[in-house]
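Read through the structure below, which is laid out as structure tokens, and then see the notes.
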Amino acid sequence: MKIDNFDSEKCKLDELLSSHFFNCIPEACVMLDPWFYIVKMNSQAEEFFLLPKEYLMSKPFWEIAPQYINTNIFHAMYKIKNDRQNTSLEFCGSITNRWFEVNLCMIDKYIVLFFKNITHHKHTQNELLRAQERFSAVFRNSHALMAIVNQDNNQLVSVNDSFADFFGYSANEIIGKTKEDICETQNNQFSPHKIPEDYDNNSFSKLISVKTKSADSFKHIIITSESINVNEKSCRLEIGIDITDNLRCQKELRRLEHLNLLGQMSASIAHEIRNPLQTVKGFLQLLQSKEGISPYQTHFILMIDELNRANQIITELLCLSRTKPTNLKLHNINDIINSVLPLIEAQALEEDKIIIVEQKAVSITLLDEDEIKQVLLNIVKNALEASKSKGCVKIITESNQTSVKLIICDNGQGIPPELQDNIGMPFFTTKQNGTGLGLSMSLSILERHNAKLDFVSDKNGTSFFIIFPIVE
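Be aware that the sequence shown starts at 331, since it is given in our numbering, and climbs by one per residue.
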């Protein structure tokens with residue numbers, strides 16, 4: 331029975347090998363006997379070996395392809411001959427540089443090899459790998475803030491160093507968290523309902539304001555988001571550009587344009603307006619002293635006060651028109667504060683408020699005494715007006731190796747966040763009877779001193795910081 335079965339299987343095998351089906355196999359197929367002689371091959375195998383079938387038949391495989399002796403395919407043939415376990419592997423042709431996938435199996439005593447040309451697939455795979463390497467290099471080394479976010483739970487899958495540094499964390503501390511976990515935004519801008527509903531089909535860009543771990547104020551970034559797949563998961567590639575400095579420069583340019591316009595206007599008309607105002611004021615004071623005018627004294631006082639107010643506005647405009655300091659000398663900021671302190675304290679007493687002065691030893695620096703007095707009086711006046719009844723205003727001085735700092739703090743209600751960007755713009759004021767020129771004039775003076783002015787404001791009050799450089 332065993333002999334009969336063997337003969338039957340051999341007949342079926344011979345029938346299969348001699349049939350048209352063998353040549354219809356789309357892959358190159360080669361059958362080897364136990365001594366690795368080629369006993370059968372289809373027409374596709376001729377293309378694989380690039381040699382005619384008549385030359386290949388009845389030759390040992392290693393005579394046809396000696397370059398593969400002691401290679402993976404060599405060892406795979408001996409292995410399958412011994413353990414009869416089907417196997418597969420990939421190899422690159424040593425002459426043509428074509429890539430093939432070869433599957434090896436045993437049919438009876440014959441070793442059958444199926445060769446599939448995978449050169450195109452391999453090249454595509456290599457191109458994909460190189461593209462991934464290029465993307466990874468750009469992702470890691472980009473100065474832009476780059477992050478990959480899981481679309482299902484909004485968790486950060488990967489971030490680059492620029493992203494981590496911007497938010498004040500290491501990359502490992504951020505992975506697995508949401509953006510809400512690592513920073514604060516204005517108006518909850520990371521909330522899902524703030525993102526366009528069709529973002530998964532289209533890229534989108536938006537401007538957001540964030541407060542990071544290492545910053546006291548909000549920074550502004552433009553985020554561009556694009557849907558991508560990472561390991562079969564829907565994700566978003568988000569790229570952020572920090573435009574905080576750009577917006578600050580734009581704001582400064584707008585302010586300078588306003589100041590330039592005001593300077594031109596004030597230089598051309600201020601003197602012309604002041605002369606007739608002085609004339610009107612003089613005649614009003616003359617008429618005020620006449621007999622029979624006493625019932626109208628309140629009217630005269632009101633008109634003269636308004637003329638004085640108009641004259642003050644003109645004085646501030648003239649200060650804005652000046653382009654450089656005229657009397658820079660070495661001064662100690664503490665001495666300038668002490669010279670105007672009685673005037674400041676008198677105003678505070680009149681408003682039922684307190685002035686607290688904390689002076690430390692400071693270095694001398696180049697100042698125009700009169701102009702710095704104007705800045706001091708202006709900002710302290712604003713601080714007193716912002717403070718509540720029985721409130722206090724602090725004047726603090728301190729110094730380091732490179733600068734002298736003047737700090738003026740109040741305990742008022744603070745400046746609303748939506749108005750803070752406009753502080754210092756000419757004619758912008760939050761006071762009912764303000765002109766909006768006082769702080770603009772102060773900024774113009776400080777600019778001529780190469781000094782910097784900044785402020786921090788919240789519901790507990792506002793602090794202005796003026797930093798004067800020390801001249802070596």
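All C-beta atoms in this analysis are idealised placements derived from N, C-alpha and C, irrespective of residue type, glycine included. All figures in this text were calculated on a predicted structure; none of them were measured in a lab.
Proximal residues to residue i (C-beta, below 8 Å), its chain only, five neighbours per side dropped
i	result
Asn-531	Confidence in Asn-531 is poor, its pLDDT being 48 and thus under 50, which makes the residue's placement unreliable; the coordinate value appears in the next sentence. Cβ within range, chain order: Ser-557.
Gln-415	Lys-409
Lys-789	Gln-743, Gly-744
Met-436	Ile-410, Lys-411, Arg-414, Asn-416, Val-442
Lys-507	Gln-485, Leu-486
Ile-448	Glu-420, Trp-429, Phe-430, Glu-431
Spatial neighbours of residue i in its chain, beta-carbon cut-off 6 Å, leaving aside the 5 residues before and after
i	result
Lys-541	Glu-514, Phe-548
Glu-527	In this predicted model, Glu-527 has a pLDDT of only 44, less than 50, meaning its place in the structure is not dependable enough to derive any value.
Ser-729	Val-692, Ser-693
Gln-374	Ala-358
Gln-618	Phe-630
Gly-721	Lys-683, Asn-741
Phe-366	Pro-390, Phe-391
Lys-524	Its pLDDT being 44, under 50, Lys-524 is placed unreliably by the model, and the measurement read from it follows with that caveat. Nothing listed; no residue qualifies.
CB-CB length for residue i against residue j, believed under 8 Å
i	j	result
Ile-796	Leu-736	4 Å
Ser-693	Ile-800	5 Å
Ile-553	Ile-538	6 Å
Ala-474	Ser-492	6 Å
Ser-555	Phe-534	6 Å
Leu-671	Val-687	7 Å
Gly-498	Lys-536	Their Cβ separation, rounded to whole angstroms, is 22 Å, which puts Gly-498 and Lys-536 out of contact at 8 Å.
Reduced DSSP secondary structure (H/G/I, E/B, other) of residue i
i	result
Cys-359	strand
Arg-566	strand
Gln-704	helix
Lys-411	helix
Asn-790	coil
Asn-471	helix
Glu-527	Here the model assigns Glu-527 a pLDDT of 44, short of 50, so the residue's position is not dependable, and the following value carries that caveat. Here Glu-527 sits in coil by DSSP.
Cys-722	strand
Asp-482	coil
Leu-443	strand
His-550	strand
Glu-420	strand
Ala-477	strand
Ser-466	helix
Lys-452	helix
Leu-696	strand
Met-771	helix
Val-687	strand
Ser-521	Residue confidence for Ser-521 is low, a pLDDT of 45 falling below 50, so the modelled location carries little weight and cannot support an answer.
Glu-621	coil
Asp-740	strand
Tyr-367	strand
Asn-660	For the record, residue 660 in the displayed sequence is Leu; it is not Asn. Strand, per DSSP.
Asn-433	strand
Pro-606	helix
Thr-508	strand
Ser-388	coil
Ile-800	coil
Ser-729	strand
7 Å Cβ cutoff met for residue i and residue j
i	j	result
Thr-727	Gln-677	no
Trp-429	Lys-446	no
Ile-674	Ile-685	yes
Glu-568	Val-479	yes
Asp-740	Ser-717	yes
Thr-417	Ile-410	yes
Phe-391	Leu-362	yes
Leu-783	Leu-776	yes
Phe-798	Phe-785	no
Leu-637	Lys-620	no
Met-633	Leu-616	no
Glu-699	His-661	yes
Arg-470	Asn-490	yes
Ile-725	Ile-738	yes
Ile-512	Ile-504	yes
Gly-368	Leu-386	What sits at residue 368 in the sequence shown is Ile, not Gly. Yes, the Cβ-Cβ distance between Ile-368 and Leu-386 is below 7 Å.
Ser-772	Val-705	yes
Spatial neighbours of residue i in its chain, beta-carbon cut-off 7 Å, leaving aside the 5 residues before and after
i	result
Glu-681	Leu-714
Leu-419	Asn-402, Ile-403, Ala-406, Val-432
Ser-500	Ala-494
Ser-733	Ile-797, Phe-798, Pro-799, Ile-800
Ser-521	Low per-residue confidence applies at Ser-521: pLDDT is 45, beneath 50, and the placement is therefore not dependable enough to give any value.
Glu-376	Pro-382, Lys-383
Ser-472	Asn-490, Ser-492
Val-560	Ile-478, Val-487
Original post:
Given 8 Å as the limit, is there contact between the region 481 to 489 and the region 392 to 406, that is, 3 or more CB pairs closer than that?
Top reply: no
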